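Position one of the sequence shown corresponds to residue 0 (numbering that gives the first Met the number 0), numbered consecutively onward.
Ideal Cβ positions, reconstructed from N, Cα and C, are used throughout, including at glycine.
Bear in mind that the values here come from a model prediction, so they are computed numbers and not experimental data.
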Amino acid sequence: MITTEQLRIFNNLRLFAKRIVIINGIAELVDKLFLNPEEVAFLLNGGNDHLQLLFMDSLTKVGNTYGGLTNMVKESVYQILFGGSLQNQLFIENLPYTQKNVVVPRNVLHSLKDDLFEDIVIPMEVGE
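Right under this line is the structure:
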């Protein structure tokens, strides 16, 4: 049987737990809800100490040239992670041609955080 003290401790821990909400398809969400730039910025900045929002979408949808979300995402999110070629992305400007054309393995994510660009290598299990 749970005591009153145990229940109180559990409720306090629950208050400090961090919840993570993953939203897949931010470009479609913005289009379907007809959100204006201020509303998109509010949505992107929606996290707090107890809630973290993760937005997922394809680079071609976020970074399209028709008023896409690229600048809004760059200005509003804490960190951008994406994989694949650097040729079609619009997050990082002025990349040398040689760096844009490098073939990146599937276990490498590009990270953009506070205007610092780096690669994150995710360890993979190697079969024998």
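Problem - Separation of Asn70 from Asp142, as counted between CA atoms - result: Any property of residue 142 remains undetermined from this structure, which presents the chain solely from 0 to 127.
Exercise for the section: Assuming Ile121 contacts Leu108 (C-beta within less than 8 Å), just tell me the rounded distance between them. Expected result: Between Ile121 and Leu108 the beta-carbon gap is near 7 Å, inside 8 Å, which marks them as a contact.
Handout entry: Distance, Leu42 Cα to Asp30 Cα
Key = Approximately 13 Å, taken between the alpha carbons.
Exercise for the section: With DSSP collapsed to three states, give me the class of Glu92. Expected result: If DSSP states are grouped into helix, strand and coil, Glu92 belongs with coil.
Exercise for the section: Just grab the DSSP bridge partners of Ile22 for me. Expected result: Per DSSP, Phe54.
Exercise for the section: Decide if Asn86 is buried, meaning its Cβ has at least 16 other Cβ atoms within 10 Å, or exposed. Expected result: The amino acid at residue 86 is misidentified as Asn; the sequence shows Gln. When all chains shown are included, Gln86 counts as exposed.
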